[in-house]
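Asker: Handing you a structure now.
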Amino acid sequence: MVERARPPAPAVSVLAAGGLDPSGGAGILADLRSLEAAGVVPLAVATALTLQSGRGVAAVRPVAADFLARQVEDLVAAFGCRWIKVGQVPTARAAAVLARLVDDHGLALVLDPVLAASGGGRLVGPAGERALVARLLPRARVVTVNLAEAARLARCRVGDTAGMEKAARRLLDAGAGSVIVKGGHLAGPPIDLLCEPGGRMTRLAGRRIAGPRGALHGTGCAYASALTAALALGETLPAAARDAAAHVRALISGALLLPGARVLRAPRL
Ligand code: PLP
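Per the numbering used here, the sequence shown runs over residues 9 to 277.
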């Protein structure tokens, strides 16, 4: 008897737009791994090339904004993706182009407003940062920020859960649909704060787990990608946030120590 392949399930694709970190720890290479692990078809466009090999960003070269737009349009037309996850937005031009693409194609946006690399080095210039806040934040279905990003974007101190709530409310007031302030860098137990439309706050208690010593980079990219994939697959925001946190815990416990760098890599099959 001829064995028939099962008809393929309709594929859900998610597009990641962000920087290319050639060491693979963060940026769109990390996004691709996390999107794939979360069960969606991963697509990626580079907003910038970066010079880095695990110890901070030494230089950034933005990709021409019109070429960025052509790549996104080509992928959206071919794959019909409805969700985009945006990380590094290097210039005001890139922010404007991405905002237009979100509007033109009705894309659901998850914004991970990375400003500086965890290992040091700016990823976004001052004009890019202003444009990110003015153009992309108000279009975002969800904004994911760590404590430092929350403090900078909301212009307040964020060292505890009260500060996280204050920052989340300010980002909601600035136009974000929902906000997740990630508490991985809190002094005490890690608690993520989910702030939904209308200001409803949910605290999501996490677990600290042992990873390799020293700073890892790419956890924010992995979190936002896993979150976007779960949302694209139809999960609620609280469920997607829990899945994304579990994904990052699994990555940290399986992280590889490469010469000179601590890199998040998917565990071997
Ligand atoms: N995007 C790029 C291209 C980066 O190089 C980095 C950090 O090095 C990030 C994003 C942010 O990484 P993290 O997930 O550690 O916040």
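Using N, Cα and C, we set each Cβ at its ideal position, and we do this for glycine too.
Bear in mind that the values here come from a model prediction, so they are computed numbers and not experimental data.
Give the list of continuous beta strand (DSSP E) stretches no shorter than 3 residues that lie fully inside the region 54-96.
Answerer: DSSP runs (the beta strand (DSSP E)) wholly in the region 54-96: 65-70 and 91-94.
Asker: Residue range of the beta strand (DSSP E) that residue 199 falls in?
Answerer: Here the beta strand (DSSP E) through residue 199 covers 199-204.
Asker: Which partner residues does residue 165 have in the DSSP bridge list?
Answerer: In the DSSP output, where bridge partners are listed per residue, residue 165 has none listed.
Asker: Go through its chain and collect everything with a Cβ distance to residue 131's Cβ below 8 Å, but skip five positions before and after it.
Answerer: Excluding sequence neighbours, residue 131 sits near 27, 56, 58, 65, 68, 96, 98, 122, 123, 124 and 125.
Asker: What's the gap between the Cα of residue 192 and the Cα of residue 200?
Answerer: So the two alpha carbons sit approximately 8 Å from each other.
Asker: Taking the C-alpha atoms as reference points, what is the distance between residue 218 and residue 260?
Answerer: About 8 Å.
Asker: Alpha carbon to alpha carbon, what distance is there between residue 252 and residue 84?
Answerer: Cα to Cα, residue 84 sits roughly 24 Å from residue 252.
Asker: Does the pairing of the region 237-244 with the region 30-47 give three or more beta-carbon distances under 8 Å?
Answerer: As far as the Cβ criterion goes, the region 237-244 touches the region 30-47, which means the pair count is three or higher.
Asker: For my contact list, residue 102 and residue 73 are in at a C-beta cut-off of 8 Å; report their separation, rounded to the angstrom.
Answerer: Yes, residue 102 and residue 73 are in contact; Cβ-Cβ is about 5 Å, under 8 Å.
Asker: What number of angstroms, rounded off, separates the C-alpha of residue 29 from the C-alpha of residue 21?
Answerer: Distance between the alpha carbons of residue 29 and residue 21 is about 22 Å.
Asker: Where do the N-terminal and C-terminal ends of the beta strand (DSSP E) with residue 23 fall, by residue?
Answerer: Here the beta strand (DSSP E) through residue 23 covers 21-28.
Asker: Can you give me the C-alpha to C-alpha distance between residue 127 and residue 76, rounded to a whole angstrom?
Answerer: Approximately 26 Å between the Cα atoms of the pair.
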